[in-house]
Each structure stands twice: as structure tokens, then as C-alpha cells.
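2 protein chains.
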Amino acid sequence: MRLLITNIALLCNAEGPASLISRRSGAEMSVMPCMPDAWLLAENGIIHSFGSMAGLPEVHADVVIDGTGRLVLPAWVDSHTHLVFAAPRDGEFVDRIKGLSYEEIARRGGGILNSARRLNAMDESELYDQSLARLDAVMATGTGAIEIKSGYGLCLEGELKMLRVIRRLKENAAIPIKSSFLAAHAYPVEYKENKEGYLNLIIDKMLPQVAGEGLADYMDVFCEEGFFGVPETERLLEAGAKYGLRPKIHANQLYHSGGVQVGVRQNAVSVDHLECVGDAEVAALTGSSTMPTLLPGAAFFLGMHYQPARKIIDAGLPVCLATDYNPGSCPSGNVPLLLTLACTQLKMSPEEAINAVTINGAAALELEKELGTIKVGKRANLILTKPLASPSLAYLPYDYGNNNIERLIC
Amino acid sequence: MRLLITNIALLCNAEGPASLISRRSGAEMSVMPCMPDAWLLAENGIIHSFGSMAGLPEVHADVVIDGTGRLVLPAWVDSHTHLVFAAPRDGEFVDRIKGLSYEEIARRGGGILNSARRLNAMDESELYDQSLARLDAVMATGTGAIEIKSGYGLCLEGELKMLRVIRRLKENAAIPIKSSFLAAHAYPVEYKENKEGYLNLIIDKMLPQVAGEGLADYMDVFCEEGFFGVPETERLLEAGAKYGLRPKIHANQLYHSGGVQVGVRQNAVSVDHLECVGDAEVAALTGSSTMPTLLPGAAFFLGMHYQPARKIIDAGLPVCLATDYNPGSCPSGNVPLLLTLACTQLKMSPEEAINAVTINGAAALELEKELGTIKVGKRANLILTKPLASPSLAYLPYDYGNNNIERLIC
Numbered sequence: 016m017r018l019l020i021t022n023i024a025l026l027c028n029a030e031g032p033a034s035l036i037s038r039r040s041g042a043e044m045s046v047m048p049c050m051p052d053a054w055l056l057a058e059n060g061i062i063h064s065f066g067s068m069a070g071l072p073e074v075h076a077d078v079v080i081d082g083t084g085r086l087v088l089p090a091w092v093d094s095h096t097h098l099v100f101a102a103p104r105d106g107e108f109v110d111r112i113k114g115l116s117y118e119e120i121a122r123r124g125g126g127i128l129n130s131a132r133r134l135n136a137m138d139e140s141e142l143y144d145q146s147l148a149r150l151d152a153v154m155a156t157g158t159g160a161i162e163i164k165s166g167y168g169l170c171l172e173g174e175l176k177m178l179r180v181i182r183r184l185k186e187n188a189a190i191p192i193k194s195s196f197l198a199a200h201a202y203p204v205e206y207k208e209n210k211e212g213y214l215n216l217i218i219d220k221m222l223p224q225v226a227g228e229g230l231a232d233y234m235d236v237f238c239e240e241g242f243f244g245v246p247e248t249e250r251l252l253e254a255g256a257k258y259g260l261r262p263k264i265h266a267n268q269l270y271h272s273g274g275v276q277v278g279v280r281q282n283a284v285s286v287d288h289l290e291c292v293g294d295a296e297v298a299a300l301t302g303s304s305t306m307p308t309l310l311p312g313a314a315f316f317l318g319m320h321y322q323p324a325r326k327i328i329d330a331g332l333p334v335c336l337a338t339d340y341n342p343g344s345c346p347s348g349n350v351p352l353l354l355t356l357a358c359t360q361l362k363m364s365p366e367e368a369i370n371a372v373t374i375n376g377a378a379a380l381e382l383e384k385e386l387g388t389i390k391v392g393k394r395a396n397l398i399l400t401k402p403l404a405s406p407s408l409a410y411l412p413y414d415y416g417n418n419n420i421e422r423l424i425c
Numbered sequence: 016m017r018l019l020i021t022n023i024a025l026l027c028n029a030e031g032p033a034s035l036i037s038r039r040s041g042a043e044m045s046v047m048p049c050m051p052d053a054w055l056l057a058e059n060g061i062i063h064s065f066g067s068m069a070g071l072p073e074v075h076a077d078v079v080i081d082g083t084g085r086l087v088l089p090a091w092v093d094s095h096t097h098l099v100f101a102a103p104r105d106g107e108f109v110d111r112i113k114g115l116s117y118e119e120i121a122r123r124g125g126g127i128l129n130s131a132r133r134l135n136a137m138d139e140s141e142l143y144d145q146s147l148a149r150l151d152a153v154m155a156t157g158t159g160a161i162e163i164k165s166g167y168g169l170c171l172e173g174e175l176k177m178l179r180v181i182r183r184l185k186e187n188a189a190i191p192i193k194s195s196f197l198a199a200h201a202y203p204v205e206y207k208e209n210k211e212g213y214l215n216l217i218i219d220k221m222l223p224q225v226a227g228e229g230l231a232d233y234m235d236v237f238c239e240e241g242f243f244g245v246p247e248t249e250r251l252l253e254a255g256a257k258y259g260l261r262p263k264i265h266a267n268q269l270y271h272s273g274g275v276q277v278g279v280r281q282n283a284v285s286v287d288h289l290e291c292v293g294d295a296e297v298a299a300l301t302g303s304s305t306m307p308t309l310l311p312g313a314a315f316f317l318g319m320h321y322q323p324a325r326k327i328i329d330a331g332l333p334v335c336l337a338t339d340y341n342p343g344s345c346p347s348g349n350v351p352l353l354l355t356l357a358c359t360q361l362k363m364s365p366e367e368a369i370n371a372v373t374i375n376g377a378a379a380l381e382l383e384k385e386l387g388t389i390k391v392g393k394r395a396n397l398i399l400t401k402p403l404a405s406p407s408l409a410y411l412p413y414d415y416g417n418n419n420i421e422r423l424i425c
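Read top to bottom, the protein sequences are chains A and B. With the working numbering, the residue at position 16 of the first sequence is 31, and numbering never jumps. With the working numbering, the residue at position 259 of the second sequence is 274, and numbering never jumps.
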């Protein structure tokens with residue numbers, strides 16, 4: 016199958032020196048050349064060739080799309096989501112407006128424990144159907160690869176159920192999916208007074224079975240005061256590493272909790288959230304291969320302060336953006352809106368924001384060799400926009416609340 | 016034409032004592048009864064009757080919609096927009112991210128003056144076509160009545176062009192539209208050193224023609240330091256009043272500029288923006304019929320502090336919400352997203368936010384007798400949602416970034 020798209024503006028974020036290939040850091044994040052009047056040929060889902068319309072070769076194509084007025088860019092790679100869940104938590108949303116904090120709601124048995132009760136009560140096929148509908152919805156807004164976590168089971172059976180749903184999504188979806196094992200998302204009620212018991216359950220019972228069935232790509236821990244501290248996180252990550260699972264952890268959402276440092280120490284692919292980042296965290300990240308991933312949708316939805324993206328970028332580090340799609344702190348998997356949040360609240364430029372959720376998203380899932388840039392030989396997971404009132408990439412985060420994605424090509 | 020909708024959850028914000036009829040103030044804003052399993056019959060665009068499914072009478076209907084799993088609520092009334100404009104301003108969006116303030120951009124000839132140049136260069140029919148497309152888009156997200164301002168002409172011809180486009184939209188659209196005359200949006204370049212000359216132009220030349228052609232419902236002024244001060248505002252509003260135009264003004268966006276007080280003094284229908292509201296502004300509004308209208312979309316998009324909705328509501332006042340849809344400070348006319356901003360950033364409850372953009376929006380356009388609540392005899396401008404994962408009205412602002420509006424009935 017050969018697909019030719021003509022007369023497009025083509026974002027080319029694979030240009031530049033070799034240092035720009037695997038991820039974008041610091042000033043590199045501002046680089047995003049655009050070919051204003053271009054064509055692109057995809058063959059069997061792979062980018063075959065592209066160039067300027069003036070030099071369009073004679074090609075045979077099975078499908079030709081005239082993209083006049085439209086942009087083509089690499090599909091979003093959403094590297095942090097909890098897309099598999101059983102029920103919305105709009106009741107807690109109202110409680111929070113009335114003044115309860117996220118932590119207070121968690122202490123009352125709301126939050127993650129609420130999602131766990133609902134998930135454990137739902138059968139696997141309904142959970143799959145709901146999750147597939149959500150996946151279709153985020154693909155319609157341009158998401159072309161995604162990570163999905165467990166963590167609403169909090170028991171062997173529930174965690175396996177979630178991971179099997181994710182596996183079924185992997186098998187049936189048109190886009191790449193990675194899964195993270197997040198049993199250490201919260202302590203379940205029955206282990207409230209026996210935290211050691213829950214850690215042992217994860218390490219001795221869950222991990223062997225999850226790894227044995229090949230259900231997880233990454234090991235995740237919610238490293239935070241009131242959840243899993245640094246020593247517990249370290250122990251869990253070391254246990255995961257024995258099964259070949261690299262860490263990808265929740266860090267520094269509520270406090271300067273040491274999560275970033277333990278993630279870097281344990282060679283995490285990414286440390287995610289980062290509302291609380293100071294000089295110590297920046298120093299830990301400098302020189303490491305660990306990706307700092309920011310989740311401004313959660314900060315927005317919870318009404319908390321935003322992540323210090325400028326501090327991180329200006330220190331020469333990369334920044335990745337992801338939605339954190341989940342029923343509690345960010346019930347939205349809409350990446351175009353995430354770009355608007357990044358630009359208006361985190362003061363990232365449109366180029367930085369788009370690099371953060373394409374090539375850096377791919378790097379945060381170790382998919383940078385096959386996704387995240389327009390490059391011959393990479394997967395042709397592409398966004399074709401609608402005709403835009405302004406032919407600039409800034410228009411995407413600017414024109415917020417409208418869906419400018421005509422289709423995801425994948 | 017008789018339309019019957021069955022098996023719906025029906026928001027009934029017309030219930031309660033007589034004091035609740037025209038607008039909602041203070042604690043009344045939290046009141047929004049819901050009939051969980053209801054039907055509604057509309058006849059020739061008017062609400063004929065409604066009730067509980069258990070008591071559904073034998074009725075003849077030309078169209079029957081089975082609304083299982085769906086909510087029906089009054090359509091949004093968006094009482095403050097600049098929907099008629101010629102071009103996006105995504106370039107200035109990038110300038111702002113890089114650190115320029117809204118005022119600095121305005122001083123450079125950007126901002127409103129930029130929009131004025133573009134608008135004056137565009138012919139009326141193209142302006143109409145673009146504006147109609149935007150109107151269709153906001154109707155698809157549930158807007159069932161709207162106000163549109165002039166103010167990007169800043170000369171007789173340009174202002175008339177805008178107002179004639181709005182008149183044509185009024186004639187052709189399926190929803191009610193009100194127009195506001197906002198020549199006093201900014202001083203045009205050629206009057207920079209002759210402000211008195213521009214005021215005279217508005218009062219002596221524009222107003223007679225605008226009023227003579229019946230092109231405006233309201234008189235608007237951008238009352239703000241650096242734009243039009245209190246004495247100029249007062250003079251303009253008094254001139255408008257001679258032609259029967261009630262004021263509806265921009266006030267207190269950037270400073271405690273006295274805009275609220277002059278609006279109340281001049282019997283304004285509403286004073287809009289209100290980022291800067293202290294005790295003096297609350298005192299001025301107390302006992303007046305002037306509606307305080309908040310535009311959090313602009314505060315969000317500009318990265319400014321939000322309007323103190325709680326202070327206003329807790330003082331027993333009403334609050335109206337509107338989008339401020341415009342190409343500079345809020346390029347979005349998406350009311351569901353506005354509800355999310357109101358709940359997460361202004362800490363309004365979902366009930367308060369929905370009353371603010373239905374019955375209070377209607378009051379801010381003097382349409383409260385025909386719109387804004389589910390009440391027999393009112394226009395059947397209704398929102399029918401998609402089937403919702405949670406059958407609560409909180410789900411609408413909670414599930415942000417997704418369009419849960421199946422259709423606008425009007």
C-alpha cells in the first residue's frame with residue numbers, strides 16, 4: 016500500500032546534526048524546520064520519501080490525498096496515561112472544588128482506592144470495551160503511540176486483569192502501545208497497617224507472574240510522601256530490574272520527595288509529573304539518560320502550580336509532555352489541549368511543546384528509532400490537520416478547544 | 016412541528032421561588048434540580064411541556080428522540096464574544112510566550128490594531144463566510160444564543176461592515192444574536208495624538224449611523240488604563256444612551272480602573288472581564304441590576320490571574336460566564352471548556368457554572384424571558400448530550416477536552 020500526500024506543509028523535526036536524532040534537549044527543543052509546500056510518500060506504513068512539491072517525482076500510489084492548506088506532522092506519542100479504568104470520578108471533582116485536597120480525598124478512601132474498587136468489580140471484557148473507546152477517542156485527536164499503566168487493581172487478580180486488557184489493546188490497536196506495571200500506585204485498604212506485606216506481595220507474587228506472562232514493559236511506582244517513599248521505591252525498582260523491567264516512575268508531584276533522584280539512580284526511562292523541581296533535581300537529571308516528563312493537565316485540573324518547564328529546558332535538559340489521562344487528576348487525553356497548557360501556562364514555545372510530545376515522547380517510550388520525527392524509514396504515524404486559518408504550527412496550541420486534526424494516519 | 020425527547024435526565028433550573036426567575040445570585044446559583052427520567056415536548060421551537068417518564072401522556076409528535084443515557088439542558092448563552100474577525104493572531108501568541116505582555120503587544124501596533132488592519136482589508140462577504148463558520152462551530156458545542164461585538168473596524172466604514180455582518184448573521188442563524196457597538200475598543204493609529212478627535216468621531220458620526228440603521232443592541236467601551244478612561248467611558252455611554260443603547264462594557268481586566276463603578280452608574284446590562292475586583296467593586300454591584308460577567312478563557316490564555324468568582328458569589332451577587340471568543344486573548348468559543356476553567360480555576364461548582372452560562376447569560380443579554388431555563392413557554396434551545404459515562408451534570412466540566420454535546424436543538 017502506497018499513500019501519497021501532496022501540497023502539505025510538512026514539519027521536519029528530524030533535520031539537523033546527529034545529536035538531534037534521539038531526543039531534543041535545551042535549545043534543540045526550539046528547532047522545528049517546516050517544508051512549506053511538500054509531499055510525502057508512505058509505503059506499507061513506513062515513510063518512504065518526502066520532499067518539496069517543486070521536485071515531486073513520478074510515483075505510483077494507491078491512495079493520493081490532496082493536503083492543500085493542511086499541516087502534516089509526526090503523530091503525538093503520549094508516554095504517560097492510565098487510560099484503562101472502570102469509571103469516572105466526577106464526584107471527587109466536586110469535592111475538590113468545595114475545598115478538599117487530592118491527599119484528603121485519598122485518605123478518605125477516594126482517589127486511587129475508589130478507582131480500584133470500581134475496577135475490581137468490573138469484568139475484563141467491559142473494561143476492554145470502555146478502554147478501546149477511549150483509545151479511539153485519543154487517536155482521533157492525533158495520538159499515534161501511547162503508554163498505559165496498571166495500578167487500579169492493587170491486588171494480583173486486578174493488576175493482571177488491567178495488564179491483560181492492555182495486552183489485548185496492543186494486539187488490536189493500529190498504534191504502538193507500551194504497558195507499565197504500577198501495583199505500587201497506592202497501598203490497598205487491607206494493607207494499610209501492613210505496608211511491608213503489600214511490598215512483599217508485589218515483589219514476590221505479582222512481579223513473577225507479570226514478568227512471566229510478559230505483561231509489562233516498564234516498572235512504575237508512585238514515589239511520593241504518603242504513598243511510596245524513596246527506600247520502598249528503590250526496593251521495588253530493584254526487584255523489577257531483576258525481571259528486566261526498566262523504571263518509569265511518578266515523581267515529585269506533591270513534594271520534593273527524592274523521586275527524581277531515585278529514578279535517575281535506577282536508570283529510569285523517565286521520571287514523570289515534576290511539579291516540584293529545584294536545583295537538586297535538575298542536577299540529578301543533568302548527564303543522565305532519564306527523561307523529565309511533565310504532566311500539566313493534572314496540575315491544571317487539580318488547580319495546583321505548574322511544572323517549571325523553563326527551568327528544566329534552560330538548564331539544557333530535555334522535556335517530554337504527556338497527558339496523564341486518568342479518571343482522578345486528569346480526565347482528558349487530548350494532546351492539542353495539552354499543547355495549549357504547555358504554551359500558555361508553562362511558557363513553552365509551540366516548537367518546544369511539539370518536540371516534547373513527539374520525539375521526546377517517543378524517547379520516553381524507547382520508540383525514538385521508529386517514531387517521533389518525519390524521517391525516511393520511520394513508521395508513518397502521521398497527523399493530517401484540517402485546513403488551518405493560519406498555516407503555522409503555532410496555530411495548533413493557539414486555536415484551543417477546537418479539534419484541528421482531520422485524521423491520524425497509521 | 017412537535018419534537019418529543021424521552022428517557023432523558025432533564026436539568027430544571029427554573030424551579031424554586033419567584034426570586035429565581037430572572038437571574039441567579041449568591042446561593043441561588045448552586046440550585047439546579049434534575050429530573051432523572053424525564054420527557055420534554057417542544058412545539059414549533061417552544062417548550063410545550065415536560066415531566067417524568069412515569070407520567071408520559073399520550074402525545075402526537077413529528078419527531079421522537081430516545082435520549083437514553085443523555086442529559087438535556089438549556090443551551091449556553093454566550094453573552095460576550097468578538098466572533099466576527101478577519102484573521103487569527105497566532106504570531107502574537109508566540110510573542111507573549113516569549114515574554115511580551117498584552118499591553119506591550121498593543122503598544123507595538125499589535126493586538127486590536129492588528130485585527131483592525133486585517134478586518135479593514137477584508138471584504139464583507141468573506142468576513143461573513145468566516146464568521147458563519149465560527150458560529151456553526153460554537154453551536155456544535157452547545158451555544159444557543161450569542162452576543163457579538165464590533166470593535167475591529169475603528170473607523171466608520173469598518174465598524175459598519177462588522178455590524179452589517181452581525182446583522183446578516185442575525186437574519187440567517189437559527190439562534191438569537193445580539194450585537195454591541197464597540198468602536199471604543201482602542202484608539203486607531205491616526206488618532207493616537209488626537210483622542211478627542213476619535214471620541215467625537217464615535218459620538219458624532221458613527222453612533223448616529225449605527226443607531227439609524229438599527230445595527231446595535233448595546234453600547235460597549237473598553238474601559239481600562241491605556242485604553243478608555245472613566246471620563247471618556249462615561250461620555251461615550253451617555254452618548255449611546257441618547258440613542259437608546261444600554262451599556263455593556265469591558266471593565267477591570269488589567270487594573271482597578273473604575274470601570275465597574277461607571278458601568279453600574281450608567282445602568283449597564285453587564286460589566287465584563289473583572290480580573291480586578293475588590294470590595295469597592297462588589298459594593299458598587301450590590302443592589303444594582305448590572306450583571307458581573309467573568310471571562311476566564313482570556314485569563315487562562317493570557318496566563319493572568321483569574322477572576323475572583325467566589326468573592327462575588329459569596330457576596331450574594333450573580334455571576335455570568337462568557338467565552339470572550341476573539342483572536343487575541345481567547346481564540347476559543349468552546350463553552351464546555353469554559354465550564355472546566357470555571358470549576359477548576361475559579362472554584363465554581365458545576366451548578367454555579369452552568370447557571371452562569373445559561374440563565375445568567377440570558378439575563379446579560381436581556382433574554383431571560385425566552386431563554387436560559389427549562390420552562391414551559393420559553394424557546395426550546397436545548398442541548399442534548401451524548402450518552403455520558405456518568406449521568407451527572409458535573410460530568411460536563413469534568414470530562415474536559417472531549418465534546419459531549421450530541422446536538423444543539425433550536
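Beta carbons are placed, not taken as given, at the ideal position from N, Cα and C, and that holds for glycine. Note that this is a predicted model, so its numbers are computed, not measured.
C-beta contact flag for residue i and residue j at 7 Å
i: H265 of chain B; j: H288 of chain B; result: yes
i: Y143 of chain B; j: R182 of chain B; result: no
i: V236 of chain B; j: A283 of chain B; result: no
i: V78 of chain B; j: L18 of chain B; result: yes
i: A231 of chain A; j: S285 of chain A; result: no
i: I62 of chain A; j: K362 of chain A; result: no
i: N135 of chain A; j: T83 of chain A; result: no
i: G387 of chain A; j: P191 of chain A; result: no
i: A368 of chain B; j: P311 of chain B; result: no
i: L399 of chain A; j: V87 of chain A; result: yes
i: T248 of chain B; j: I163 of chain B; result: no
i: L354 of chain A; j: S40 of chain A; result: no
i: A298 of chain A; j: C335 of chain A; result: no
i: A409 of chain B; j: P351 of chain B; result: no
CA nearest to the CA of residue i, picked from the options
i: A314 of chain A; options: A:T338, A:H75, A:E296; result: A:T338
i: S104 of chain B; options: B:G82, B:R133, B:D77; result: Checking the sequence shown, residue 104 of chain B turns out to be Arg, not Ser. The candidate whose alpha carbon is nearest that of R104 of chain B is B:R133.
i: Q322 of chain B; options: B:I374, B:G274, B:Q268, B:V275; result: B:Q268
i: L317 of chain A; options: A:L300, A:P346, A:L336; result: A:P346
i: M177 of chain A; options: A:L353, A:D138, A:D81; result: A:D138
i: L55 of chain B; options: B:S64, B:C49, B:P48; result: B:S64
i: S37 of chain A; options: A:L175, A:L397, A:K390, A:L399; result: A:K390
i: N375 of chain A; options: A:L26, A:M44, A:C27; result: A:M44
i: S395 of chain A; options: A:G125, A:E205, A:G60; result: Reading off the sequence, residue 395 of chain A comes out as Ala, not Ser. Considering only alpha carbons, the answer is A:G60.
i: K326 of chain B; options: B:G106, B:T301, B:N349; result: B:T301
i: A324 of chain B; options: B:Y340, B:N341, B:M306; result: B:M306
i: L169 of chain A; options: A:N187, A:I161, A:K220; result: A:K220
One or two residues paired with residue i in a DSSP bridge
i: F196 of chain B; result: B:M234
i: V92 of chain A; result: A:A160
i: P449 of chain B; result: The requested residue 449 of chain B is not part of the displayed model; chain B covers only 16 to 425.
i: F65 of chain B; result: B:L55
i: S40 of chain A; result: None; S40 of chain A has no bridge partner.
i: L399 of chain A; result: A:V87, A:R422
Interface flag, residue i vs chain C, CB-CB below 7 Å
i: F100 of chain A; result: Given the protein chain composition of this structure (A and B), no chain C is represented.
Near the ligand FAD: residue i beta-carbon under 6 Å from a heavy atom
i: L142 of chain B; result: With respect to the ligand FAD, the structure shown offers nothing to examine, as it has no ligands at all.
Got a sec: which bits of the region 334-361 of chain B sit with their beta carbon under 7 Å from any beta carbon on chain A, in order along the chain?
-> P346, S347, N349, L352, C358, T359, Q360
Using a Cβ-Cβ cut-off of less than 8 Å, give me the residues of the region 363-389 of chain B that come near chain A, in sequence order.
-> M363, S364, P365
At 3 residues or longer, and completely inside the region 314-356 of chain A: list those beta strand (DSSP E) runs for me, N to C.
-> none
Going along the region 149-176 of chain B in order, which residues come within less than 7 Å of chain A, judged by CB to CB distance?
-> A152
Quick one: which unbroken alpha helix (DSSP H) runs of 4-plus residues sit fully inside the region 215-287 of chain A? Chain order, please.
-> 222-227, 245-257, 274-280
Give the residues from the region 406-420 of chain A that approach chain B closer than 7 Å (Cβ to any Cβ), ordered along the chain.
-> S407, A409, Y410, Y413, D414, Y415, G416, N417
At a Cβ cut of 9 Å, what residues of the region 111-122 of chain A count as close to chain B, listed as they run along the chain?
-> R111, I112, K113, G114
Could you run through the region 125-141 of chain B and flag, in chain order, every residue whose CB is less than 9 Å away from some CB of chain A?
-> none
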